[in-house]
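Right, one structure below, let's go through it.
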Amino acid sequence: MGLELSTTRLEDAAKWAKQSKLARIPEWGRKFSLFTYPFVTACCGMEFMSVAAAKYDIARFGAEFPRFSPRQSDLLMIVGTITEKQGPALKRVYDQMAEPKWVIAFGVCASTGGFYQNYHAMPGADQVIPVDVYIPGCPPRPEQVLDALIMLMDRIQDGRGHSQLRLKRDAMIRAQEAQAGDGPGE
Amino acid sequence: MADAQSLKQLVLGRKDVQDLSDNEAELPPELMTVNMGPSHPAMHGTVRIVLTVDGEKIVKSDIQPGYLHRCFEKESEHATYTQVFPYTDRLNYVSPMINNVGWAMAVEKLMDLTGKLPKRAEYIRVIVSEMSRITDHATCIGASAMELGAFTPFLYLLKAREWLYELLEKVSGARLTHSYARVGGVSKDLPLDFDADLTRCLDRIDGVVVDVEKMLLSNKIFYDRVVGIGAMSKEDAIKTGCVGPIARSCGVDYDVRRDFPYSVYPELEFDVPLGTTGDCYDRYLVRLEELRQSARILRQCLKQIPDGEIMSDDHRVALPPKKDTYNTIESMIRHFKHIMDGVRVPAGEGYAFVEGGNGELGFFIVSDGTGRPYKAYCRSPSFVHLSTAGQLIHDHYIADVVPIFGMINMIGGECDK
Amino acid sequence: MSKQVVDALAAKFPSAVTRTGSAHGDEIAWIKRDDLVAVATWLRDDPAMAFDSPVFCTCIDWLDYRPIGRPVSEHWNETKPRFTVCYQLRSIAKKNRIRLEVEVTEADPRLPSLAGLWPAFDWQERETFDMYGIRFDGHPDLRRIYLYEEFVGYPLRKDYPKEKRQPLVRRDDLPVNPLKAAEGKSH
């Protein structure tokens, strides 16, 4: 019996429609109470401050308080250029976060390296950790950031963030192994 | 036990048995190594401070910058002089216009164009520089206050910063990374109604500054956290190369705008605030006063700015007028060569400096006659100030690192280039 | 006014100063490597000079220097020293500025450290070492400042390619993983 380990958007939409309202609640709760860890390095940090401040209020999306501890946060916002020297620190912070966790690459330096192509700037933070939403812009306008946040919240609701898919895949593999174990060993 | 004792002796110096107090002899405290950063809540820049602490007191610190080293020099060597402007934006990214103007002035110095630009271009450069300086100081004071727990001044100052960002966006097209200045002038003229917009903005900013002062100046919590913290003597400030608000808070009377005036600063009246003790409180006061002086300079500029060209008509730096570019082959070729090869700067070396948000920001350029710099070194004040931070946090508590680090205004992009 | 400084310097240390120059308002003095500390100490301590404040310390790599519009004699060749280390000083009281330039060869890239005279040069010299590989004798703590310890090479030298990365960490499931490729080669 073949096991489909990937999910397409159509399949997800079908599953979502069949899901009861009750099953959607955990994801709804998660998406409206994101605790951000702003991994601020560079100029995009200034735009992050603008997004968090009064005019482009990120608090109205529920993502108000930055939690500066990876153990207490679930959204890692990589704000600014990641350099090779910073790589191990970034990986460590990501590993310390508890599942489910999401990553936004804020700015074009964190997405693909930006216009820095040199011996130290990493060509994107996704060389080190998986990223869910990429925000282009140097720096992106605060409206772009809010748009990305809404996009991420849609993904969270659909259960399609990298971390959520990983958990689902691990659960499916475990279920398959349990089934395979039960069958011949009976 | 033996290891802890030897580590303490190693760091603090030899201690004889009879020098130990009763407490220490029974329970010698260990020295602990604590790591702050590179990812830390202080929004100023990414730097790693490895602290060796005795309880809460810092006995040794190792500050490790370089987590944002984006190779400004190497990238500049492969870019034309005009293509370097975006790289300079990202050096001190809270006051990007000043970096642009500094780079333009350095290239103009090598081409002997200093002082030969149209007056309007010089005034526009000063106007946008001072606006950037206000955003720099507002961000520094706001973020430092927020790190000490005062969230409201942060929101108020960021509100003021938003007004300036909107204005700067009308002028240059971008909120933060403008790339506005060009070698020989500026790229676009000021928009219509800029006078009225900026005057209204400045009036509102005055109100915000008064509010912030009321919230912080007489606030005992803020006062206790910053007075006497991170003090530096005047001689130390000079020896360690400190410039800008940090040096001025220690009493060093040095401001590039007044001592080595450039552009139209000789025609403008402004005061240079000086502090006395050099602690964080003085730095905060100096920055707030400089914010007000910048507003004063802006008001004078708006009155004095003449009409005219915004770009020098020297054929080495200016693009030909579009009418000629489209109609004559010589202008079209000149336009093409100008864009592809860059501004040709005669071979030589030179160092030009401006008063950045943090002090003397200079560019040392070595050119080889082509349109690309042979070497472009940025003398960043944040790098120098960060090197003094180790001496400033010595013998303070871990909690004092926050205001000290905040008021140094170490901008990661400028420090690590 | 800085011209008098350079003239006084040349008069006081005639053997140390190989040549002086003035370019676009900057005063420059080329100093021999062995006399650098003596000259710098005099510049700092002499009351008429009073160069109490350091500005920057950096290095120029002349490897690709072929200036356009200049005679061929000014182009770099192997007989000339490859590096020039520049120190810029300023005097807050007298409002003077001076740049000291010391030529250093590639075979022996060493220079006495001025960190003992002005503490600011501590980090600036570390940066020059990190980027160009110039060793400063007598420096209290000469190690890399911008780059990590595992980095091999001196990136601002003209023969270091701009895009040669030396990654410390990469994801395991990257399609093109330079770290894995490096491991594969070394095994």
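Chains as they are written, first to last, in this note's numbering: chain A, 1 to 186; chain B, 1001 to 1417; chain C, 2001 to 2187.
Yeah, the Cβ is synthetic: ideal placement off N, Cα and C, and Gly gets one too.
Buried versus exposed call for residue i [16 or more other C-beta atoms within 10 Å across all chains shown]
i: PHE1151 of chain B; result: exposed
i: LYS1375 of chain B; result: buried
i: THR1033 of chain B; result: exposed
i: LYS1303 of chain B; result: exposed
i: ILE2092 of chain C; result: buried
i: SER69 of chain A; result: exposed
i: TYR1165 of chain B; result: buried
i: ALA180 of chain A; result: exposed
i: GLN2088 of chain C; result: buried
i: LYS1109 of chain B; result: buried
i: ASP126 of chain A; result: buried
i: GLY1356 of chain B; result: buried
i: PRO2155 of chain C; result: buried
i: SER1312 of chain B; result: buried
i: GLN96 of chain A; result: exposed
i: LYS1337 of chain B; result: exposed
i: THR1088 of chain B; result: buried
Backbone secondary structure at residue i - three-state DSSP
i: THR1088 of chain B; result: helix
i: ASP2096 of chain C; result: According to the sequence provided, residue 2096 of chain C is Asn. The question's Asp does not apply to it. DSSP places ASN2096 of chain C in strand when its eight states are reduced to three.
i: GLN117 of chain A; result: coil
i: TRP28 of chain A; result: helix
i: PHE1364 of chain B; result: strand
i: LYS2164 of chain C; result: coil
i: VAL1050 of chain B; result: strand
i: LYS1323 of chain B; result: helix
i: MET1001 of chain B; result: Bear in mind that the predicted position of MET1001 of chain B carries a pLDDT of just 47, short of 50, making it unreliable; the figure below should be weighed with that in mind. In the structure shown, MET1001 of chain B sits in coil (DSSP, three-state: anything other than H, G, I, E or B).
i: PHE39 of chain A; result: strand
i: TRP1163 of chain B; result: helix
i: GLY1356 of chain B; result: strand
i: LYS21 of chain A; result: helix
i: LYS1060 of chain B; result: strand
Residue closest to residue i, alpha-carbon to alpha-carbon, out of the options
i: GLU2078 of chain C; options: C:GLU2106, C:PHE2136, C:SER2015; result: C:GLU2106
i: HIS120 of chain A; options: C:ARG2144, C:ILE2028, C:GLN2166, C:ILE2145; result: C:GLN2166
i: THR81 of chain A; options: A:GLU64, A:MET153, A:PRO38, A:ARG71; result: A:PRO38
i: GLY1275 of chain B; options: B:LEU1291, B:VAL1264, B:VAL1252; result: B:VAL1252
i: ARG2144 of chain C; options: C:PHE2151, C:ASP2130, C:LYS2003, C:ARG2157; result: C:ASP2130
i: LYS2162 of chain C; options: B:SER1367, B:SER1061, B:PHE1072, B:ASN1409; result: B:PHE1072
i: THR1082 of chain B; options: B:VAL1047, B:ILE1339, B:LEU1051; result: B:ILE1339
i: TYR2146 of chain C; options: B:ALA1399, B:VAL1183, B:PRO1038; result: B:PRO1038
i: VAL131 of chain A; options: A:LEU75, A:ALA175, A:MET49; result: A:LEU75
i: ARG1070 of chain B; options: A:ASP182, A:MET122, A:ARG160; result: A:MET122
i: PRO1191 of chain B; options: B:ALA1121, B:PHE1405, B:LEU1167, B:VAL1094; result: B:LEU1167
Contacts of residue i in chain A (Cβ-Cβ under 7 Å)
i: VAL2055 of chain C; result: Near VAL2055 of chain C there are no residues of chain A at all, since even the closest Cβ is about 25 Å away, more than 7 Å.
i: GLY1412 of chain B; result: THR41, ALA42
i: PRO2155 of chain C; result: TYR119
i: SER1039 of chain B; result: PHE39, ALA89, VAL93
Residue i versus residue j: straight-line alpha-carbon distance, rounded
i: CYS2057 of chain C; j: TRP2123 of chain C; result: 9 Å
i: ASN1358 of chain B; j: ILE150 of chain A; result: 37 Å
i: GLY107 of chain A; j: CYS138 of chain A; result: 6 Å
i: ASN1219 of chain B; j: LEU1117 of chain B; result: 47 Å
i: VAL1059 of chain B; j: PRO2175 of chain C; result: 47 Å
i: GLU1414 of chain B; j: GLY87 of chain A; result: 20 Å
i: GLY29 of chain A; j: SER1132 of chain B; result: 41 Å
i: ALA59 of chain A; j: MET1036 of chain B; result: 27 Å
i: ASP1206 of chain B; j: LYS1170 of chain B; result: 21 Å
i: ALA110 of chain A; j: ALA42 of chain A; result: 10 Å
i: SER1294 of chain B; j: VAL1256 of chain B; result: 14 Å
i: GLU2074 of chain C; j: ARG1200 of chain B; result: 56 Å
i: ASN1409 of chain B; j: THR1177 of chain B; result: 19 Å
i: HIS1044 of chain B; j: ASN1327 of chain B; result: 51 Å
i: PRO1403 of chain B; j: THR1139 of chain B; result: 14 Å
i: VAL1101 of chain B; j: PHE2151 of chain C; result: 34 Å
i: VAL1128 of chain B; j: VAL1354 of chain B; result: 13 Å
Neighbour list for residue i in chain A, Cβ cutoff strictly below 8 Å
i: HIS1069 of chain B; result: THR83, LYS85, HIS120
Chain-ordered chain B contacts of residue i [CB-CB under 8 Å]
i: MET46 of chain A; result: TYR1093, VAL1094, THR1139, LEU1176
Partners in chain B for residue i, counting only beta-carbon separations shorter than 7 Å
i: GLN2088 of chain C; result: TYR1351
Chain-ordered neighbours of residue i on chain C, where CB pairs are closer than 8 Å
i: LYS91 of chain A; result: VAL2169
Beta-carbon neighbours of residue i, restricted to chain B and to distances below 9 Å
i: LYS55 of chain A; result: LEU1158, LYS1159, GLU1162
Practice task
Could you please tell me which residues of the segment 123-149 of chain A, in chain order, have their CB closer than 8 Å to any CB of chain E?
Solution key: You won't find chain E in this structure, because its protein chains are A, B and C.
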